[in-house]
Amino acid sequence: MDKKTDPHPNDPLETESRQESGQPNESPQDPKSRNSSGCSANAESSGSWPNEPIISLSTDPAADPCIFQNIDPSAEPAAQLKPDELLNKAQAGDVNAQLDLGLLLATSAKNQEDYAQAAYWFHEATLKDLPEAQYNLGVCAAHGLGVDRDPKIAADLFELSAKQDYPPAQYNLGLCFLEGLGRPADQPSALFWFKKAARLGDAEAQWRIAEFYLLGRVVPVDIPLGIGYLTQAAEQGILPAQLALGSVYNLGHGLAQDLQKAVYWFTKAAEAGSPEAQANVAYAWHWGRGVPHRDLAQAFSWWQKAAEQGLVPAQNALGTYYSLGLGTETDLNEAFAWFYKAAEDGHPGAQFNAAVCLEAGLGVTKDITQALIWYHKAATGGEVRAQAIIGHCLLKGLGSERNPAKAVYWYEKAAKAGYLPAQFSLGVQLAVGDGIAYEPVRAVYWFRKAAMGGLPEAQYALGYCYLEGQGVGQDLGQALEWISKAALSEYPEAQLKMGYCYEEGVGVTQDRKKALYWYERAALNGHPAAQALAGLNYQAGTVVPQDLKKAHILLKKAAEAGITKARTILSELD
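For the sequence shown, our numbering begins at 242 and goes up steadily by one.
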């Protein structure tokens, strides 16, 4: 049917989506309607959840700086001596006393002068070839404790000690080769020394070896061997190993997935103070994965621990908990404070959430200008909901001059990232040629992508294109299939169109009772034209028995919404 003769003006290509800036509730991408300012939905629904825990198996070496094992206080004196007695023995040339005195001074040092005294006694013991002293003097040289920082001298001392089978020195020498500190970068040599230390029980060396085999550094990937080393290190309390082992069990990488074991190891690392592990434990309790049941109070507690240590995703999550009252009482002031903290650290989701709060005045004084600034930052950072909002604001001239071309730029970015409302909005712009060339075929492409993802507006738009033959061959069967999908999802425009199709027999057998059924469903969803049509049916009494009271109610709603014909009929009824 030619749309110019269609008595039901509901062309989806002439209207803007009301859901292009959906907000997540407790699950990702849960669309909500816009508020009156035209930018976003309720901040109580704001926040974003990772689809997987924060930590994965892979470790970025660039993000894992060289950390030498430090002063080793494990070598205790044979007899507990008072400091003056220890000094006397050290001055008399007792090598063990010299080591013990150096350890005593180093572990209680408050300044460089104290470390200098410790280094002196380590040096004295080093002259007698004591491996523990060589190691500890190497630590002083590596960190510049009481002596000039000199990576080469540190590596030389570590090597002297390592060749005497002192595990901490073997580990640190491996690090020198791994990071190119005092030795040429040489991963095979690093692995060689890590293995020597690991055979003697050094847990950190076991962790480093696990990385080599799990990530395939200079050796073929060997998941079982890597996990074996990883488990040894984790059982000895090495925090990053516990974190990685939790990820291995969570992802089922090289072994059977076991969420309970994943949570066990994440909890071990979390209790040791790892904010990343704390976030993973919070995630487990939030979704009830690997724990007996979902417990939002437990999740809140762990999010709070991680957030207070500065983990930015946890700060955003904690803001979400406060905004929604999950596991704690709702506190919008606290919610905004945590959103803003994470936003300032560059978290796009938090920037979006802070913008929502600023726009709606939730937990902070309402400030549209600042809201738009944060929406733009979030959009620049890849937050698709913010990109759709910026597109909408540019299209409507909200906060700036109208700029359809820039609006299309942002819609397209979000659409290509898979955001359904943006795919629909991009389709609308292509279909009407606003800000971009008129391309109905490409419009159908984007409508279809969003429709396949379940977005009712897009399903209706795709059905409308099939109905009118816009950008695709006319196909009434396809048209009714997609329009009915949207109608069953309570999209009122689609329900109105279903009513029209049954009333006129477009693609279906004419059935005025079914037409009224769909008009009433659309009317219940607040569609003014549907309210008018349903009211007219009850006023006329040709399809169903006349019901002037019901007709009056429906026509009054339509009239209040601006439907002229409803006002006319209503005046006649009155």
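No residue lacks a Cβ here, since even glycine has one placed at the ideal position from N, Cα and C.
| task | Compute the distance between the beta-carbons of R689 and L703, then report whether it is under 7 Å. | result | yes
| field | Residue of A775, V747, S564 and P392 minimising C-alpha distance to K754 | value | A775
| task | Give a yes or no on whether the C-beta atoms belonging to A663 and A672 are separated by under 7 Å. | result | With respect to the 7 Å criterion, A663 and A672 are not classified as neighbours on the basis of their beta carbons.
| query | Assuming Y581 contacts D572 under a Cβ cut-off of 8 Å, what Cβ separation, rounded to an integer in Å, is found between them? | reply | Contact between Y581 and D572 is ruled out by a C-beta separation of about 14 Å, above the 8 Å threshold.
| query | Which two residues bound the contiguous alpha helix (DSSP H) that contains T367? | reply | Q353 to T367
| task | Grab me the residues of L422's own chain with a C-beta within less than 8 Å of its C-beta, minus the 5 sequence neighbours each way, in chain order. | result | C307, A383, P392, A395, A396 and L416
| query | Leaving out the 5 sequence neighbours to the left and right, which residues in its chain are closer than 7 Å to S730 when beta-carbon positions are compared? | reply | P697
| request: Flag this pair as touching only if the region 765-780 and the region 798-805 have three or more C-beta atom pairs under 8 Å; answer yes or no. | output: Under the Cβ criterion (8 Å, minimum of three pairs), the region 765-780 counts as touching the region 798-805.
| request: State the DSSP-derived secondary structure class of Y660, mapped to helix, strand or coil. | output: coil
| query | Does DSSP put D341 in a helix, in a strand, or in coil? | reply | helix
| query | When DSSP labels each residue in this structure, what does T606 get in the three-state scheme? | reply | coil
| said: For Y760, count the other beta carbons within 10 Å of its own beta carbon; 16 or more makes it buried, fewer makes it exposed. Which is it? | reply: The residue in question, Y760, is buried, as its Cβ has 16 or more Cβ neighbours within 10 Å.
| query | Going along the chain, which unbroken runs of the alpha helix (DSSP H) with 4 or more residues stay wholly within the region 531-568? | reply | 537-549 and 553-565
| C-beta atoms of P589 and G568 nearer than 7 Å | Going by beta carbons, P589 and G568 fall outside the 7 Å limit.
| field | From I794, D752 and A595, residue whose alpha carbon lies closest to that of G836 | value | No information on residue 836 is available, as it lies outside the stretch 242 to 815 that the chain covers here.
| message | Let's test the definition: count the other Cβ atoms within 10 Å of the Cβ of R390 and tell me whether it reaches 16, buried, or not, exposed. | response | Taking every protein chain shown into account, the CB of R390 has fewer than 16 other CB atoms within 10 angstroms, so this residue is exposed.
| query | In whole angstroms, what separates the C-alpha of E476 from that of D463? | reply | 20 Å
| Does the beta-carbon distance from V522 to W543 come in below 7 Å? | yes
| query | Helix or strand or just coil, what does DSSP make of Y650? | reply | helix
| request: Could you check what DSSP says for P733 in three-state terms: helix, strand or coil? | output: helix
| field | Distance between A756 and V747 (C-alpha atoms, nearest Å) | value | 11 Å
| field | Segment limits, alpha helix (DSSP H) that includes V462 | value | Taken as a continuous stretch (DSSP letters only), V462 belongs to no alpha helix (DSSP H), as it is neither H nor E.
| Which first and last residues belong to the alpha helix (DSSP H) in which Y686 is found? | P681 to M693
| When you compare each of L401, Q353, G659 and T348 to T367 by their alpha carbons, which one comes out closest? | Ranking L401, Q353, G659 and T348 by Cα distance to T367 puts L401 first.
| task | Evaluate L796 with the Cβ neighbour count: other Cβ atoms within 10 Å of its Cβ, from every protein chain shown; 16 or more gives buried, anything less gives exposed. | result | By the Cβ-count criterion, L796 is buried, with 16 or more other Cβ atoms from all chains shown falling within 10 Å of its own Cβ.
| Buried/exposed call for E452, threshold 16 Cβ in 10 Å | buried
| query | In the structure shown, what three-state DSSP assignment does L416 receive? | reply | In this structure, L416 counts as helix in the three-state DSSP scheme.
| said: If the criterion is Cβ atoms closer than 7 Å, does the pair Q339 and A333 meet it? | reply: no
| Close beta carbons around W434, own chain, < 6 Å, minus the five adjacent residues each side | The beta carbon of W434 is closer than 6 Å to those of Q411, L414 and G415 in its chain, skipping five residues each way along the sequence.
| Looking at V553 and A583, is the spacing between their C-beta atoms short of 7 Å? | yes
| DSSP-derived helix/strand/coil call for A771 | helix
| Would A534 be called buried (16 or more neighbouring beta carbons within 10 Å of its own) or exposed? | The sequence given here has His at residue 534, not Ala. Burial call: exposed.
| said: Excluding the 5 residues flanking E744 on each side, which residues of the same chain have their C-beta closer than 8 Å to its C-beta? | reply: Q751, R753 and A756
| Which of helix, strand or coil DSSP assigns to Y407 | In the structure shown, Y407 sits in coil (DSSP, three-state: anything other than H, G, I, E or B).
| request: Could you tell me how far apart the beta carbons of G817 and A620 are, in whole angstroms, since I believe they sit closer than 8 Å? | output: As displayed, the chain neither begins before 242 nor continues past 815, which places residue 817 out of reach and without an answer.
| task | Assign Y679 to buried or exposed, taking buried as 16 or more other Cβ atoms, counted over all protein chains shown, within 10 Å of its Cβ. | result | exposed
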